[in-house]
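Enquirer: Going left to right, the sequence shown walks through residues 9 to 202 as our numbering numbers them.
Here a beta-carbon is modelled for each residue, glycine too, at the ideal position from N, C-alpha and C.
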Amino acid sequence: MKRNLKNAAIILIVMCLTGCGYNSLQQQDEAVSKAWSDVESTLQRRADLIPNLVATVKGYASHEKDTLEGVIQARSKASQIQLTSKDLSDPKAMAQLREAQGQLSSSLSRLMVLVERYPDLKANQNFLDLQTQLEGTENRINVARQRYNAAVETFNSSIRSFPYNLTNNFLLHLKHKEYFKADEAAQKVPVVKF
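(1) When the Cα atoms are used, what is the spatial distance from Tyr187 to Leu119?
(2) Out of Val65, Thr140, Ala108, Cys28, which has the shortest C-alpha to C-alpha gap to Val5?
(3) Is Ala152 closer than 8 Å to Asp46 when the C-beta atoms are compared?
(4) Report yes or no: do the segment 162–181 and the segment 25–39 share at least 3 C-beta pairs separated by less than 8 Å?
(5) To the nearest angstrom, how far is the alpha carbon of Phe163 from that of Trp44?
(6) Taking the alpha-carbon positions, what's the Thr50 to Arg148 distance?
(7) My parser needs the beta strand (DSSP E) runs of 3 or more residues fully inside the segment 137–172; what are they?
(8) For Lys189, count neighbouring C-beta atoms within 10 Å of its own C-beta (all shown protein chains included) and say buried if the count is 16 or more, exposed if not.
(9) Given that a residue counts as buried once 16 or more other Cβ atoms are within 10 Å of its Cβ, and exposed if not, what is Phe170?
(10) Could you have a look at Gln35 and say whether DSSP puts it in helix, strand or coil?
(11) Rounded C-beta distance between Leu91 and Leu105? I'm assuming under 8 Å.
(12) Have a look at Ser115 and Ser93 and give me their C-alpha separation to the nearest angstrom.
(13) Which of the three DSSP states, helix, strand or coil, is assigned to Ile89?
(14) Let me make sure I understand the geometry here. Which of Tyr126, Gly110, Asn150 has the alpha-carbon closest to that of Ser84?
(15) What residues in its chain sit with their C-beta under 7 Å from that of Ile101, if we drop five residues either side in the sequence?
(16) Unbroken alpha helix (DSSP H) runs of length 4 or more, entirely within the segment 99–136: which are they?
(17) Can you round the beta-carbon distance between Leu61 and Leu136 to whole angstroms, since I take them to be within the 8 Å contact cut?
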């Protein structure tokens, strides 16, 4: 009788645990980490393309040293910020990354404005190929950010919903993840001057 009661208790515990979301929360946490890795991968691709772009422009616009050095410095700063999956819950770390990536995007925009002054450069096939790759990479970055935010939304909703919130509070202690937000400068309308 004791043995049957013990087996029934074990079966009841196992049945309760299958509905508590323990495995689902673990999978969602991994999905957030994977989505973040995709964002980092596309940011790295952009960082890898920039030296080639700068070298190509440098050949045509060697006297535009300040703009080119600005791109190089912004790339260096953006490449130095590395976040781990634990940092995804830290608003300050995410803000630093956003700021560095925003500065890099801004310096790339200035570089593209500079390119407008050099018609021969705009017709150069190497430059056109690099520009196309950079545009494609920017699109990939946007898609990766959207997928990351979707994974964060699912995860954050789960750790706040019953019964998963109980599982998280008593067993896992997973923290809320930060969304990837636009840089503050992105909210301003760009000024185009001719």
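Expert: Based on what the coordinates show:
(1) By 1-based counting over the sequence shown, the position of residue 187 is 179. By 1-based counting over the sequence shown, the position of residue 119 is 111. Going from the Cα of Tyr187 to the Cα of Leu119 covers about 29 Å.
(2) An answer regarding residue 5 cannot be provided, because it is not within the stretch 9 to 202 covered by the chain.
(3) In the sequence shown, the residue the question calls residue 46 occupies position 38. In the sequence shown, the residue the question calls residue 152 occupies position 144. Yes, these two residues count as a Cβ contact at 8 Å.
(4) yes
(5) Taking the sequence shown and counting its residues from 1, the one referred to as residue 163 is at position 155. Taking the sequence shown and counting its residues from 1, the one referred to as residue 44 is at position 36. Cα to Cα, Phe163 sits roughly 13 Å from Trp44.
(6) Position 42 of the sequence shown holds residue 50. Position 140 of the sequence shown holds residue 148. Those two C-alpha atoms are separated by around 6 Å.
(7) none
(8) Here residue 189 refers to the residue found at position 181 of the sequence shown. Under this definition Lys189 is an exposed residue.
(9) Within the sequence shown, numbered from 1, the residue matching residue 170 stands at position 162. Under this definition Phe170 is an exposed residue.
(10) Working through the sequence shown from its first residue, we reach residue 35 at position 27. Helix.
(11) Numbered from 1 along the sequence shown, position 83 holds the residue referred to as residue 91. Numbered from 1 along the sequence shown, position 97 holds the residue referred to as residue 105. Contact flag correct, Cβ pair sits at about 6 Å.
(12) Against the sequence shown, residue 115 aligns to sequence position 107. Against the sequence shown, residue 93 aligns to sequence position 85. Going from the Cα of Ser115 to the Cα of Ser93 covers about 28 Å.
(13) Residue mapping note: residue 89 aligns to position 81 of the sequence shown, counting from 1. Correct three-state label for Ile89: coil.
(14) Walking along the sequence shown from the start, residue 84 turns up at place 76. Out of Tyr126, Gly110, Asn150, Gly110 has the C-alpha closest to the C-alpha of Ser84.
(15) Within the sequence shown, the letter at position 93 stands for residue 101. The residue asked about is misnamed: residue 101 is Ala in this sequence, not Ile. Closer than 7 Å at the Cβ level, and outside the excluded window around Ala101, lie Leu91, Asp95.
(16) 99–123, 127–131
(17) Indexing the sequence shown from 1 puts residue 61 at position 53. Indexing the sequence shown from 1 puts residue 136 at position 128. Leu61 to Leu136, Cβ: 11 Å. No contact.
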